[in-house]
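Engineer: Starting off with a structure, shown below.
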Amino acid sequence: MVTLIKKFNYWLITMKIKNSFLNRRSFILGSSLAFSGVAKVFSKNTANKSHVVILGGGWGGLSAAKTLRLMNKNCKITLIEKTKEFISCPISNWVIGQLINMENITFDYEKFKRNNDIEVVIDEVISIDINKKLISTNETSLKYDKLILSPGIQLDFSNIDGFKNSHKDSIFTAWKAGNETLNFSKEIRNIENGDNIIISIPLSPYRCPPGPYERTSLIADYIKKNKINAKVIVLDANQKVVSKGSLFKKAWDELYKNIILYHSDSQIRAIDNKEKKVFTDFDEYRYKILNIIPPQKAPNLLFKTGLIEKGRNWAPVNPYDFTSKYSNDIYIIGDSTDASSIGSIPKSGYVAYSMGKVSGLASYYHLLGKEPPSPSMINTCYSLVSETEGISVSAVYKFNKERNKIVTVDNASGLSPQRSNLIALNAWDWAQAIWKDMLT
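Laid out in C-alpha cells, this is it:
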C-alpha cells in the first residue's frame with residue numbers, strides 16, 4: 057500500500073486528472089467553507105450560550121460537532137467519547153489485509169479540540185434523563201440544551217449457541233476498529249497451508265454492507281500473493297452479496313476462484329471452538345480462524361433511555377432533522393438509526409458523516425427557534441478487491457416532503473462499471489480528506 061500511495065502522488069502531479077471521484081475532496085472541504093460563510097451571516101445575530109452535548113467521537117459525532125461550531129462560535133459544545141483515540145472503521149479492513157498499519161487509521165483528538173474550541177470528555181455515558189435534560193457518565197453529569205447521539209452499534213451474539221463459552225484465541229469480530237482489528241491482522245499473518253478462514257455475515261441491515269466482502273477479498277489477496285494453500289469460506293445469511301454484488305463476484309471469479317468459497321443463505325447457529333467447527337442450519341464447517349460478524353442493533357443506552365420502540369432494534373427519528381421520535385431536543389444519527397423511519401440510506405461511515413452535518417445544522421437552527429433548511433446528503437463507499445484494484449458506489453439523497461422520507465436523487469447514483477487501479481487510489485485520498493475534515 058505504501059507503493060500504491062507513492063504511485064498515487066506521482067500520478068496526481070504528472071496527470072492532473074480531475075474526475076468526479078477525486079473532486080470529492082473538493083466537495084468535502086468546500087462544504088465546510090460553505091458552512092463557514094453562512095456562519096458569518098448568522099452567528100453575529102445571536103450570542104447563544106446554549107450547551108450542546110454530543111455522544112460519540114466517530115464519523116457522525118465529529119462531523120456534527122464541527123458543523124455546529126462553524127455555524128455558532130458562542131455555544132458550548134462537549135463531545136463525550138469512551139476511547140482516547142479515533143480509530144477509523146472505514147479502511148480498517150486494509151489493516152487486516154496487511155496493506156497498512158493501525159497507525160495509519162489512528163488519530164488523537166488534540167487538533168480537533170484546539171482548533172474548534174470543543175471540550176472532549178473521555179468517559180462512558182451510563183444514563184440519559186430526557187425530562188431533566190441530564191446526561192450522566194461514570195465520572196460526572198452534564199446538563200444539555202440539545203443532545204446529539206452518534207453511539208454506533210452493539211453486537212448481538214445471543215442467538216449463536218456456544219459463543220459465550222468459546223475461548224476466543226481464534227475467534228474475531230473486528231467490526232469495531234481497535235485491538236481486535238490488530239489481533240485479527242496478526243493471525244492473518246500466521247495463515248498456513250491447509251487452513252480455513254471462515255467469515256460469517258449477518259442478515260441485513262448491519263454496519264457497512266460491503267465491508268465483509270471487502271475483507272474477504274483482501275484476505276484472499278494476501279493468501280494469493282504469499283502462495284498459501286488456504287481457503288476463505290464465506291457464510292452469508294443473506295440470499296446474495298448485498299452490496300456491489302456483481303463486481304465482488306466477478307473479482308472473486310477472476311482473481312480468487314480456488315480461494316474464496318461463497319455460501320448464501322448460511323447463518324451460523326452454533327460454534328464448537330474446541331473442535332474448531334461452526335454449524336449452520338444444514339451444514340458444518342471446520343476453521344482455523346473464525347471471523348464472526350454477528351447481528352447488530354442500537355446500543356443498550358438507547359433502549360434504557362426509552363428512545364427505541366419495543367420489539368425494534370434501531371432508533372426511530374424524524375427524517376427531516378434526525379430528532380428522536382421521543383424527544384425534540386435529542387438527535388440520533390449514524391448506524392443506530394432505524395432506516396425504516398428515514399428512507400433509503402445504508403449504515404455507512406459516509407452516511408454518518410453526512411447525518412452529522414445535517415444534525416449539526418439542524419441543532420443550530422433549532423437553538424434560534426427556526427426551522428432548518430431541507431436536508432440533502434451524499435454517500436460514497438469504496439471497497440478494495442485486491443491491493444491495487446477497487447470498486448465504488450455513490451448516491452445523493454434529499455428529503456421528499458410528500459413521502460416524509462429521505463430518498464435517492466434520480467440520476468445521481470452510480471456503481472463503478474468495473475474494478476480499477478484508479479478507484480483504489482481514490483479510496484485512500486477520500487479517507488484522508490474526510491479524516492482531515494473531521495479531526496482538524
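Each residue of the sequence shown is one higher than the last, beginning at 57 in our numbering. Positions of the beta carbon are idealized from the N, C-alpha and C atoms, including for glycine. Quick caveat: nothing in here was measured; it's all calculated off a predicted structure.
(1) Between the alpha carbons of G362 and V449, how many angstroms are there, rounded?
(2) Give a yes or no on whether the C-beta atoms belonging to G412 and G116 are separated by under 8 Å.
(3) Grab me the residues of S273's own chain with a C-beta within less than 6 Å of its C-beta, minus the 5 sequence neighbours each way, in chain order.
(4) Between Y420 and E427, is the Cβ-Cβ spacing less than 8 Å?
(5) Here's the rule: buried if 16 or more other CB atoms are within 10 angstroms of the residue's CB, otherwise exposed. What is K100?
(6) Buried or exposed for N194, going by 16 or more other Cβ atoms inside 10 Å?
(7) If contact is defined by three or more beta carbon pairs under 8 Å, each pair taking one atom from either stretch, is the stretch 277 to 290 in contact with the stretch 308 to 322?
(8) Please tell me whether, using a cut-off of 7 Å, the distance from the CB of D225 to the nearest non-hydrogen atom of the ligand HEM is below it.
(9) Could you spell out where the alpha helix (DSSP H) holding K122 opens and where it closes?
(10) For A326, which three-state DSSP category applies?
(11) So the alpha helix (DSSP H) V407 belongs to, where does it begin and stop?
(12) Excluding the 5 residues preceding and the 5 following S397 in the sequence, name in chain order all residues of the same chain whose CB lies nearer than 6 Å to its CB.
(13) At what residues does the beta strand (DSSP E) containing D292 begin and finish?
(14) Between the alpha carbons of K366 and S302, how many angstroms are there, rounded?
(15) Go ahead and label I110 buried or exposed: buried means 16 or more other beta carbons lie within 10 angstroms of its beta carbon, across all protein chains shown.
(16) In terms of residues, what are the limits of the alpha helix (DSSP H) holding E458?
(17) Would you mind sorting S206 into buried or exposed? The rule is 16 or more other CB atoms within 10 Å of its CB.
(18) Using alpha carbons as the reference points, say which of F163, I161, E159, S183 lies closest to K360.
(19) Measure the C-alpha to C-alpha separation of F168 and T336 and round it to an integer number of angstroms.
(20) If you follow the alpha helix (DSSP H) that T272 is part of, which residue opens it and which one closes it?
(21) Determine the closest residue to S472 out of V465, C437, K296, with distance taken between C-alpha atoms.
(22) With H, G and I counted as helix, E and B as strand and the rest as coil, what does DSSP make of V151?
(23) Counting C-beta neighbours from all protein chains within 10 Å, is the total for R325 16 or more, i.e. buried, or is it exposed?
(24) D391 and I152 - do their beta-carbons sit closer together than 8 Å?
(25) Among I143, P350, G446, A408, which residue has its Cα nearest to the Cα of T237?
(26) With a threshold of 16 other CB atoms inside 10 Å of the CB of K96, please say whether the residue is buried or exposed.
(27) Using 8 Å for Cβ pairs, my map puts S415 next to I389. What's the rounded Cβ distance?
(28) Do N282 and Y343 have their beta-carbon atoms positioned less than 8 Å apart in this structure?
(29) Decide if S119 is buried, meaning its Cβ has at least 16 other Cβ atoms within 10 Å, or exposed.
(30) So I401 and Y341 are in contact, right, with Cβ under 8 Å, and what is the actual spacing, rounded?
(31) Cα separation between S439 and N467?
(32) Between R475 and E443, which are expected to be in contact by the criterion C-beta below 8 Å, what is the C-beta distance as a whole number of angstroms?
(33) Report the three-state DSSP secondary structure of R170 (helix, strand or coil).
(34) What is the rounded straight-line gap between the Cα of L85 and the Cα of A489?
(35) Assuming I345 and P258 make a contact with CB atoms under 8 Å, what is their CB distance in whole Å?
Structural biologist: If we stick to the structure as given:
(1) Numbered from its first residue, the sequence shown carries residue 362 at position 306. Numbered from its first residue, the sequence shown carries residue 449 at position 393. Roughly 35 Å between the two C-alpha positions.
(2) As a working mapping, residue 412 is identified with position 356 in the sequence shown. As a working mapping, residue 116 is identified with position 60 in the sequence shown. Taking 8 Å as the Cβ cut-off, G412 and G116 qualify as a contacting pair.
(3) Position 217 of the sequence shown, counting from 1, holds the residue named residue 273. Residues V441 of the same chain have their beta carbon placed closer than 6 Å to that of S273, with the five preceding and five following residues left out of the count.
(4) For the purposes of this step, residue 420 is taken as residue 364 along the sequence shown, with counting starting at 1. For the purposes of this step, residue 427 is taken as residue 371 along the sequence shown, with counting starting at 1. Their beta carbons are not under 8 Å apart, which means Y420 does not touch E427 by this criterion.
(5) Here residue 100 corresponds to residue number 44 of the sequence shown, with the count starting at 1. Any answer about K100 is weak, because its pLDDT of 40 lies below 50 and its placement is not dependable; what the coordinates show is given next. Per the 10 Å Cβ criterion, exposed.
(6) Working through the sequence shown from its first residue, we reach residue 194 at position 138. Per the 10 Å Cβ criterion, exposed.
(7) A contact exists between the stretch 308 to 322 and the stretch 277 to 290.
(8) Within the structure as shown, the ligand HEM is missing, as the structure has no ligands at all.
(9) Here residue 122 refers to the residue found at position 66 of the sequence shown. Looking at the DSSP string, the run of the alpha helix (DSSP H) that includes K122 is 115 to 127.
(10) On the sequence shown, position 270 is the one that residue 326 refers to. DSSP places A326 in strand when its eight states are reduced to three.
(11) For the purposes of this step, residue 407 is taken as residue 351 along the sequence shown, with counting starting at 1. 405 to 423 is the extent of the alpha helix (DSSP H) around V407.
(12) Looking up residue 397 in the sequence shown gives position 341. So the qualifying residues of the chain are P372, V373.
(13) Translated into positions along the sequence shown, residue 292 becomes position 236. Start and end: 287 to 292.
(14) To locate residue 366, count along the sequence shown from 1; it is residue 310. To locate residue 302, count along the sequence shown from 1; it is residue 246. Taking the straight line joining both Cα atoms gives about 37 Å.
(15) Here residue 110 refers to the residue found at position 54 when the sequence shown is read from its first residue. Classification of I110: buried, given that the 10 Å Cβ count is 16 or more.
(16) Residue mapping note: residue 458 aligns to position 402 of the sequence shown, counting from 1. First-last for E458: undefined, no H or E at that position.
(17) By 1-based counting over the sequence shown, the position of residue 206 is 150. Looking at its Cβ environment, which holds 16 or more other Cβ atoms inside 10 Å, S206 is buried.
(18) Residue mapping note: residue 360 aligns to position 304 of the sequence shown, counting from 1. Comparing Cα-Cα distances from K360 to each of F163, I161, E159, S183, the minimum goes to S183.
(19) Residue numbering aside, residue 168 sits at position 112 when the sequence shown is read from its first letter. Residue numbering aside, residue 336 sits at position 280 when the sequence shown is read from its first letter. Straight-line Cα distance between these residues: approximately 46 Å.
(20) Within the sequence shown, the letter at position 216 stands for residue 272. Unbroken alpha helix (DSSP H) run through T272: 267 to 281.
(21) Position 416 of the sequence shown, counted from the start, is the residue given in the question as residue 472. Nearest C-alpha to S472 among V465, C437, K296: C437.
(22) Along the sequence shown, read from residue 1 onward, the residue named residue 151 stands at position 95. V151 carries a helical assignment under DSSP once its states are collapsed to helix, strand and coil.
(23) Taking the sequence shown and counting its residues from 1, one reaches residue 325 at position 269. R325 should be labelled exposed.
(24) One-based indexing of the sequence shown puts residue 152 at position 96. One-based indexing of the sequence shown puts residue 391 at position 335. Cβ atoms of I152 and D391: not closer than 8 Å.
(25) On the sequence shown, position 181 is the one that residue 237 refers to. Here the closest residue by C-alpha is I143.
(26) As a working note, residue 96 is residue 40 in the sequence shown. Here K96 scores only 41 on pLDDT, less than 50, and its place in the model should not be relied on; the value that follows carries that caveat. Flag for K96 reads exposed.
(27) Translated into the one-based positions of the sequence shown, residue 415 becomes position 359. Translated into the one-based positions of the sequence shown, residue 389 becomes position 333. Yes, S415 and I389 are in contact; Cβ-Cβ is about 5 Å, under 8 Å.
(28) Counting from 1 along the sequence shown, the entry for residue 343 is found at position 287. Counting from 1 along the sequence shown, the entry for residue 282 is found at position 226. It is not a contact, given that the beta carbons lie outside the stated cut-off.
(29) Working through the sequence shown from its first residue, we reach residue 119 at position 63. So S119 ends up on the buried side.
(30) Residue 401 sits at position 345 when you count from the first residue of the sequence shown. Residue 341 sits at position 285 when you count from the first residue of the sequence shown. Wrong, their Cβ atoms sit about 34 Å apart, outside the cutoff.
(31) In the sequence shown, residue 439 corresponds to position 383, counting from 1. In the sequence shown, residue 467 corresponds to position 411, counting from 1. Answer to the nearest angstrom: the Cα atoms are 22 Å apart.
(32) Residue mapping note: residue 475 aligns to position 419 of the sequence shown, counting from 1. Residue mapping note: residue 443 aligns to position 387 of the sequence shown, counting from 1. Not a contact, Cβ separation roughly 12 Å.
(33) As a first step, residue 170 is located in the sequence shown; it is residue number 114 there, counting from the start. R170: helix per DSSP, three-state reduction.
(34) The residue labelled residue 85 in the question sits at position 29 within the sequence shown. The residue labelled residue 489 in the question sits at position 433 within the sequence shown. Reliability fails at L85, whose pLDDT of 42 lies under 50, so the model's placement of it is uncertain and the value that follows must be treated cautiously. For L85 and A489, the distance between alpha carbons rounds to 8 Å.
(35) Indexing the sequence shown from 1 puts residue 345 at position 289. Indexing the sequence shown from 1 puts residue 258 at position 202. Contact flag wrong, Cβ pair sits at about 18 Å.
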